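In the working numbering, the protein residues as written are 453 to 634.
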């Protein structure tokens, strides 16, 4: 029996015991304006700031955010919370280099040449309601929920132009089905 749930070239079958306990912890995005980005991710996307780290000598700050509703396990103790931040899965790390502003820097989102990083994604309980809310908040859309050939999946943009995929997990299979190889 395979440890993988699907087949693809390049999969390694034997899980190395040395990787036991590895946790995918974070995706980092560079930001030009922490106030603007933190407002977006906490107000528009509902994320919670778990930890802020300021590196004075190197002149940058890190902001670690998490999605979810229950953070009762997060410690008030600074050192313990730092350990929790780096040990939990699926954190969004926003990095701000001091002195950067929207007027002085822009970041490549990976969706134009040369292509690279593409997007982050959020499952929402009701994609139509979420997208209506984003529209009411004047959030820019890269792709509307029913635009293009892939229906039921939207892409919005954060203040730095990074794409955020919006979908209802219970409907993704239905959205993908017409386009999948039989």
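The C-beta atom is built at its ideal place from N, Cα and C for all residues, glycine as well. Keep in mind the model is a prediction, meaning the values are calculated, not measured.
Rounded C-alpha distance that separates residue i from residue j
i, j, result
"residue 610", "residue 526", "26 Å"
"residue 613", "residue 624", "24 Å"
"residue 524", "residue 502", "11 Å"
"residue 475", "residue 582", "29 Å"
"residue 553", "residue 484", "5 Å"
"residue 631", "residue 528", "48 Å"
"residue 574", "residue 479", "13 Å"
"residue 504", "residue 453", "43 Å"
"residue 602", "residue 467", "35 Å"
"residue 562", "residue 569", "5 Å"
"residue 465", "residue 456", "8 Å"
"residue 490", "residue 634", "43 Å"
"residue 565", "residue 558", "15 Å"
"residue 521", "residue 532", "20 Å"
"residue 513", "residue 507", "6 Å"
"residue 622", "residue 595", "20 Å"
Three-way DSSP call (helix, strand, coil) for residue i in this model
i, result
"residue 489", "helix"
"residue 564", "coil"
"residue 547", "strand"
"residue 504", "strand"
"residue 479", "strand"
"residue 523", "coil"
"residue 629", "helix"
"residue 539", "helix"
"residue 532", "helix"
"residue 601", "coil"
"residue 587", "helix"
Local Cβ density within 10 Å of residue i, reported as buried at 16 or more and exposed below that
i, result
"residue 550", "exposed"
"residue 518", "buried"
"residue 579", "buried"
"residue 597", "buried"
Beta-carbon proximity of residue i to residue j, cut-off 8 Å
i, j, result
"residue 606", "residue 618", "yes"
"residue 608", "residue 593", "yes"
"residue 576", "residue 620", "yes"
"residue 638", "residue 560", "Outside the displayed span of the chain (453 to 634) sits residue 638, for which this structure offers no information."
"residue 626", "residue 600", "no"
Note to self: Check whether the region 537–546 and the region 489–506 touch, using three or more Cβ-Cβ pairs below 8 Å as the test.
What the structure shows: In short, these stretches touch, since the Cβ pair count reaches three.
Next item on the list: Flag this pair as touching only if the region 531–542 and the region 464–474 have three or more C-beta atom pairs under 8 Å; answer yes or no.
Entry: No, the region 531–542 does not touch the region 464–474.
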